[in-house]
Structure formats: structure tokens, C-alpha cells
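For what it's worth, the working numbering labels the leading residue of the sequence shown as 1404, then goes sequentially. Heads up, the thing below is written out as C-alpha cells.
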Amino acid sequence: MPFYQRLGDVPRKRHIQFRENGTLLTEEVMGLEGFTGNESILYHLQSPCRVMKLDGFEQIQRQEWVPDEHAHRHFTTYGIDAGGDEITGRRLLMWNADVEISLCRPSGTMDYFFRNGEGDEVIFVHEGSGTLETIFGDVPYKDGDYIVIPRGTTYRFQPQGEQRYLVFETPGLIEIPRRYRNHYGQIMEGAPYYHRDIHPPTQLHTVREQGEFTVKVRVRDGYQTYVVDYHPFDVVGWDGYLYPWTFSIHDFEPITGRIHQPPPSHQTFAGQNFVICSFCPRKLDFDPLAVPIPYHHSNLQSEEMIYYVSGNFGSRKGVEVGSITLHPSGLPHGPQPGLAERSIGTHETHELAVMCDTFNPLKLTKFAKDLDDGKYWRSWYENAQVDAPVDGDATGAGLTSHF
Ligand SMILES: [Fe+2]
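The following block contains the structure:
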């Protein structure tokens, strides 16, 4: 999506004969919006339509938890048990029609190929590294990376070390915010990242192997399993604008100001009725009268979840690596009592967090219920012991340990 890429061999022009050892290769146009959106053209040794066996279809089951009360919530996730692989290990935490947000701490590695046939994915790698092997080539990843995988990409993980992901799946597109791009698509000065920060597939491996290969495809709100008789990575070359890529949260250039910068300054990706933002270490507001902590705010049209990645949260009980706060719509939120005063004179924050704001309400799962601390809503109550994290989205200061 970000810019034109080409790997391997492609013919001189589109849609002309392209042969290997005299055999005509199979050209596949993989594109969006009915041949008018971004696309890539791939050249296969075999037809990608060849299916030797249809295996079962598994409908996705979501176990919804409808809380008895509407309240701010805090989920502690770091201690979840490892289980499944990089796909089956995704454990849905919250969702709506625009986005599904899952945690994944796989205990094993997939022995099959996967393709999301109905949505784009963003996988935030909290822990671990490895290579996402894809039909477009290898996509190396490491902790702190967002792996952006457009729908239709066949892939499998080759992980190194323990893995922990925050996963977003959406029926819409994952895009670089429009206001970061000029009329021609180039990322402009002033945007918090540039093309050099975007890492497309590095190397294409054409696998020439017959056999039986399992491909699991997410379609129609479920998983259809296919068996094919040729290795799915049989592409000799491709070019275009559609491919998986990574962007490291550590390459996000924070925008600071003399006084408070609002959450959109942290935006990293645009989704369908949601945004993903990165809160990174940075200098804080430098006006002599600045209050370097978020103001109270009401999410009149959004739900806000923040995933705490790293930082020293030690002086605030309740906040830990892997914590998630959820501030649902209809309620104001902001710093706990006394924190605005205590924040004055603070000049920097070192914490790292990922935020997702959705414009439509989120449903919760029973898995989320098990992780809910049940008391975060009390943390603004003047006489209550302050033992929960403060929202930090507006400046990031609120989630620091400086207070
Ligand atoms: Fe907020």
C-alpha cells in the first residue's frame, strides 16, 4: 500500500506471455476496489485456484460478556496462559463490526498456511521476533513492530523466541492517515513517519515443491480449510502497491508542543471507523503554565482502549506491562484526583503504549471478564485509594510513573 514495490522476475509489460522453461506462468491480479484500488500482480508456477481437497469449515464463535454495569475497565493481560499458534492462539478481547482486538501468546507454531480472506490485519509484536513468510516474500519482524497484512496475503510465521501480540482484524482497510499523504501518495514533511520507516518484504523465495499443503482461509466469519497440491509460495515475481509491511513503534516521531497535543497527533493507522495510535517516549509540554497531563474528556463518539507496552509504571499500583484500559463512550475520564497538580514541572515521558479508538461501541468477551480488575472505575472517586492507571492518551503523561 505505501509505495510501488517489485520482487523477483516480472515480464516487460502487464498481461503478456511470461514463461519459465517454455511453460506459461499464471498471472494473478490481486487488487482492491474492483480493479480501481491498489493492486499487485503475481506470477505463479501453478494456478492459485488449484484445490485438491476441501476440508472443514469452522464458524467463529464469540462468547460475549455483557457486564451488569457500564463502567471504565482495566484488564491485566500479561499473565495469560500461552496456547495455540499464531492464528488459533488469538484470543478475542473486544470487538464490533469494524474491528476485532485479540491477544495472542502462542505456545506453538502453525504447521499450515493462513490467509485472511475478509479483512486486513495489524499485528503489534509486543514480544518476540522472527519472519513472516508470505506469498510476497519474507517480512522480518521484531518486538515493537506493527505487521500490516492486507487481505488475501497467504502467510505463516517462523518465530524466534517467545511471542506476544496484540492483534487487530478489520473488514475495512488499514491505511496511512490521509492527512499524512500528499496528492501523489507520498508521506509529507510533518507526518510522524516516512517511507524509509516502512519495511516491505525483503526477499522472495520461489518454492518448487509438490505435495499436500494445508491453507486455512478466514471467510464468511469462519475458517475454511483447503488442501492444495503445490506449495503456496510458488511466485516467481510480483509488483504493485499491495503487500505486507512492517513499521516499528520505535520509529514513530512524536509531535510535542508548548501546550497539550490532542490524541490525533499520535495517530499511526486509519481503519474503518477506528484509529490506531502510538504513544512513545517524548518531551512534554514546555509552556511555563502548561499542565503536562491530559485534560478530562468525554468520548462522546468513541470507545478507547490503551495497551501498555513498556515503561516504569511502578509508582502507580495497578498499571503493569500488558495492562489494557477501556474507556467506553458516554463517560468522561481523565487524571485521577491530584495528578494534574503533581504533573506540573514534568518534562518527559518514557512509556510506550498502543491505543485503539473505535467510533462504534465495543462488545466484550468472557475472556475479557476474566481479566477485568473490577475496580478501575473507582480510581476517580475522591476518597478512594488511587490504585489504578490514569488515562494517558491525551499527552501520555498520565500513564507515566512520574507522579
Ligand atoms: Fe482518553
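We put the CB at the ideal spot given by N, CA and C, even for glycine.
Looking at the DSSP output, Glu1442 sits in a beta bridge with Gly1434. The C-alpha of Arg1685 lies about 18 Å from the C-alpha of Tyr1597. Taking all protein chains in view, the Cβ of Glu1461 is surrounded by fewer than 16 other Cβ atoms within 10 Å, so the residue is classified as exposed. For Glu1431, the CB contacts under 8 Å within the same chain, skipping 5 residues up- and downstream, are Ile1444, Leu1445, Tyr1446, His1447, Pro1451 in chain order. The secondary-structure analysis by DSSP pairs Trp1641 across a beta bridge with Leu1410, Leu1445. Shortest gap from the CB of Glu1706 to any heavy atom of ligand 1: 6 Å or more. The region 1667–1679 makes no contact with the region 1729–1738, as fewer than three CB pairs between them are under 8 Å.
One Cα belongs to Asp1546, the other to Gln1449, and the distance between them is close to 35 Å. For Val1525 and Ile1577, the gap between their C-alpha atoms comes out near 8 Å.
Taking C-beta atoms as the reference points, Leu1742 and Ile1709 fail to come closer than 7 Å. Less than 7 Å divides the Cβ of Gln1466 from the Cβ of Thr1768. Straight-line measurement puts the Cα of Thr1534 at about 32 Å from the Cα of His1477. Under the three-state reduction of DSSP, Tyr1784 is assigned to coil, being neither helix nor strand. Here the C-alpha atom of Pro1580 lies approximately 38 Å from the C-alpha atom of Val1631. Secondary structure at Pro1667: helix, using DSSP grouped into helix, strand and coil. With respect to Trp1648, Pro1595 sits apart: the two C-beta atoms are not nearer than 7 Å.
Per DSSP, reduced to three states, the secondary structure at Ser1746 is helical. Scanning the region 1594–1638 for uninterrupted beta strand (DSSP E) segments of 3 residues or longer gives 1613–1622, 1625–1633, listed from N- to C-terminal end. In this structure, Ile1463 and Asp1624 form a Cβ contact; the two beta carbons are roughly 5 Å apart against a cut-off of 8 Å. Restricting attention to Leu1645, Val1639, Thr1628, Phe1689, the CA atom closest to the CA of Ile1658 is found in Phe1689. In this structure, Thr1479 is the residue among Leu1427, His1475, Asp1654, Thr1479 with its C-alpha nearest to the C-alpha of Asp1773. In this structure the region 1503–1523 touches the region 1567–1576; the number of beta carbon pairs closer than 8 Å is three or more. Here Val1413 is actually not in contact with Cys1759; their C-beta atoms are around 37 Å apart, not less than 8 Å. Counting along the chain, Ala1756 sits inside the beta strand (DSSP E) bounded by residues 1755–1761.
Across the set Tyr1626, Asp1488, Arg1422, Phe1560, the C-alpha of Phe1560 shows the shortest separation from the C-alpha of Val1542. Straight-line spacing of the CA atoms in Met1513 and Gly1486 works out to 12 Å. Each of Glu1436, Thr1439, Tyr1698 was checked against the Cα of Pro1665, and the nearest Cα belongs to Tyr1698.
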